[in-house]
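Throughout the sequence shown, residue numbering follows the working numbering, covering 278 to 510 in sequence.
All residues carry an ideal CB built from backbone N, CA and C; glycine is no exception.
Just so it is clear, the structure is predicted and the values come from calculations on it, not from any experiment.
For reference, the structure is listed below as structure tokens.
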Amino acid sequence: MARDPNRERWPEVYRDSPGIFARFAAAEDRGDRVPKELISLAGLKGARVLELGAGTGRWSASLASASEQWVATEPAEGMLSIGARGAGQAAHWLRARSQALPFHSGSFERVFAGFVFANLRPKDRAPALEEAQRVMASGAELWLLENHWEDDFQDLRRSAGLETHREIAPLVDEFGFEHVSTLDTQMEFESEAAAQEVLGTILGPLVQARLQSHPQRRLRHRVCLLRWRAPAA
Ligand SMILES: C[S@@+](CC[C@H](N)C(=O)[O-])C[C@H]1O[C@@H](n2cnc3c(N)ncnc32)[C@H](O)[C@@H]1O
């Protein structure tokens, strides 16, 4: 069956166009609200932190130095190579999928994943969560950053007929994550043409056409911070 030409292309971008993803990630959270909130809420000081699906290093770049040790894992080779040699180089980088982590049980006090779990195939979520929980020390915390379901970014997707839904619902309802906070952040591209190129490549031709007819370089992006706590020993 032919693939829908109007579909989001995240996996292809991770594999074939990591530079486009790096430009998307650089546009996110221009005010650094996420790192500020995580540093204040997640107690990273003195912690060994594992990041899952670290991509091109958007978060490790601003968070690694706040921790004792920051280990960034990422399965896509091109993404990892940008992350490891760029701003994320304060972290130690390893190639790994969340379902198979090369660490001993109980190795980390904090685990962090930005925009990873809601995007995993539903059948991969439980194995990835179990594996993250295996490598957590007793009393450790797993923090997720995920898209809110109402903002300009979701409106743009919806305007092109892309399916958007309450992506964090299964994480909260099935896996017991606590929705700790929602942050209002700003996604800001260097120009309207850059927004059209980057978002059009990732989100498909109808988004590209929409940004051509309604140019935009700033989008309100609301993001949710979720937490799961490992039982204390
Ligand atoms: C939306 S990107 C987020 C990247 C980065 N965390 C950020 O916020 O800029 C999702 C990332 O998850 C990675 N990923 C996909 N499948 C994965 C899996 N099974 N385990 C870990 N990471 C995965 C992708 O390669 C990609 O880097």
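Open item on the list: Does the beta-carbon of Trp420, which I'm using as the reference point, lie nearer than 7 Å to any heavy atom of ligand 1?
Closed with: Here residue 420 is taken as the residue at index 143 of the sequence shown, counted from 1. The answer is no for Trp420.
Open item on the list: So if DSSP puts Arg506 in a beta bridge, which residue, or which two residues, is it bridged to?
Closed with: Within the sequence shown, the letter at position 229 stands for residue 506. Looking at the DSSP assignment, Arg506 forms a beta bridge with Glu418.
Task: Euclidean distance between Cα positions of Ala299 and Asp429 - done: For the purposes of this step, residue 299 is taken as the residue at position 22 of the sequence shown. For the purposes of this step, residue 429 is taken as the residue at position 152 of the sequence shown. So the two alpha carbons sit approximately 20 Å from each other.
Open item on the list: Let me confirm a value: Ser468 is counted as buried when at least 16 other C-beta atoms fall within 10 Å, else exposed. Which label applies?
Closed with: The residue labelled residue 468 in the question sits at position 191 within the sequence shown. Exposed, because fewer than 16 other Cβ atoms sit within 10 Å of the Cβ of Ser468.
Task: Residues bridged to Met413 (per DSSP) - done: As a working note, residue 413 is residue 136 in the sequence shown. According to DSSP, Met413 bridges with Phe385.
TODO: Give the DSSP-derived three-state secondary structure of Asp306 in the structure shown.
DONE: By 1-based counting over the sequence shown, the position of residue 306 is 29. Of the three classes helix, strand and coil, the one that applies to Asp306 here is coil, per DSSP.
Open item on the list: Short of 6 Å in beta carbon distance, which residues of its chain neighbour Arg411, apart from the five on each side in sequence? Order them along the chain.
Closed with: Your numbering for residue 411 matches position 134 in the sequence shown. Ser382, listed in sequence order.
Open item on the list: Rounded to whole angstroms, what is the Cα-Cα separation between Arg310 and Val500?
Closed with: Sequence index remark: in the sequence shown, residue 310 carries index 33 (1-based). Sequence index remark: in the sequence shown, residue 500 carries index 223 (1-based). About 10 Å.
- [ ] Use the C-beta contact count for Pro399: other C-beta atoms within 10 angstroms, 16 or more gives buried, fewer gives exposed.
- [x] The residue given as residue 399 occupies position 122 in the sequence shown. Result: exposed.
Task: CB of Phe389 within 8 Å of CB of Val326, strictly - done: The residue given as residue 389 occupies position 112 in the sequence shown. The residue given as residue 326 occupies position 49 in the sequence shown. For Phe389 and Val326, yes; Cβs fall inside 8 Å.
TODO: Quick one: which unbroken alpha helix (DSSP H) runs of 4-plus residues sit fully inside the stretch 290 to 346? Chain order, please.
DONE: 295 to 304, 310 to 319, 335 to 340
- [ ] Measure the alpha-carbon distance for Gln463 versus Ala353 and round it to whole angstroms.
- [x] Reading the sequence shown from its first residue, position 186 is the one you call residue 463. Reading the sequence shown from its first residue, position 76 is the one you call residue 353. When rounded, the distance between both Cα atoms is 26 Å.
Task: Inter-residue spacing [alpha-carbon to alpha-carbon] between Ser339 and Leu406 - done: Numbered from its first residue, the sequence shown carries residue 339 at position 62. Numbered from its first residue, the sequence shown carries residue 406 at position 129. Roughly 24 Å between the two C-alpha positions.
- [ ] Assign Ser342 to one of two classes, buried (16 or more other C-beta atoms within 10 Å of its C-beta) or exposed (fewer than that).
- [x] Taking the sequence shown and counting its residues from 1, the one referred to as residue 342 is at position 65. So Ser342 counts as exposed.
- [ ] Report yes if the C-beta of Ser339 is less than 7 Å from at least one heavy atom of ligand 1; otherwise report no.
- [x] The count along the sequence shown starts at 1 and reaches residue 339 at position 62. Checking the Cβ of Ser339 against ligand 1 gives no.
Task: Under 8 Å between C-beta atoms of Leu483 and Leu433 - done: Residue numbering aside, residue 483 sits at position 206 when the sequence shown is read from its first letter. Residue numbering aside, residue 433 sits at position 156 when the sequence shown is read from its first letter. Contact: no.
Open item on the list: For a test of the three-state rule: what should DSSP assign to Asp461, helix, strand or coil?
Closed with: The residue you call residue 461 lines up with position 184 of the sequence shown. Asp461 falls in the strand class under three-state DSSP.
Task: The alpha helix (DSSP H) enclosing Leu371, as first and last residue numbers - done: Here residue 371 corresponds to residue number 94 of the sequence shown, with the count starting at 1. From DSSP, Leu371 is part of no alpha helix (DSSP H) but of the beta strand (DSSP E) over 369 to 371.
Open item on the list: Quick check: the Cα distance between Trp505 and Val457, rounded to an integer number of angstroms?
Closed with: Residue mapping note: residue 505 aligns to position 228 of the sequence shown, counting from 1. Residue mapping note: residue 457 aligns to position 180 of the sequence shown, counting from 1. Going by the C-alpha atoms only, they are around 10 Å apart.
TODO: Check whether the Cβ atoms of Glu328 and Ser317 lie closer than 8 Å to each other.
DONE: Residue mapping note: residue 328 aligns to position 51 of the sequence shown, counting from 1. Residue mapping note: residue 317 aligns to position 40 of the sequence shown, counting from 1. Cβ distance not < 8 Å, so Glu328 and Ser317 don't count as in contact.
Task: CA-to-CA distance, Phe301 to Glu418, given in whole angstroms - done: Residue mapping note: residue 418 aligns to position 141 of the sequence shown, counting from 1. Residue mapping note: residue 301 aligns to position 24 of the sequence shown, counting from 1. Straight-line Cα distance between these residues: approximately 28 Å.
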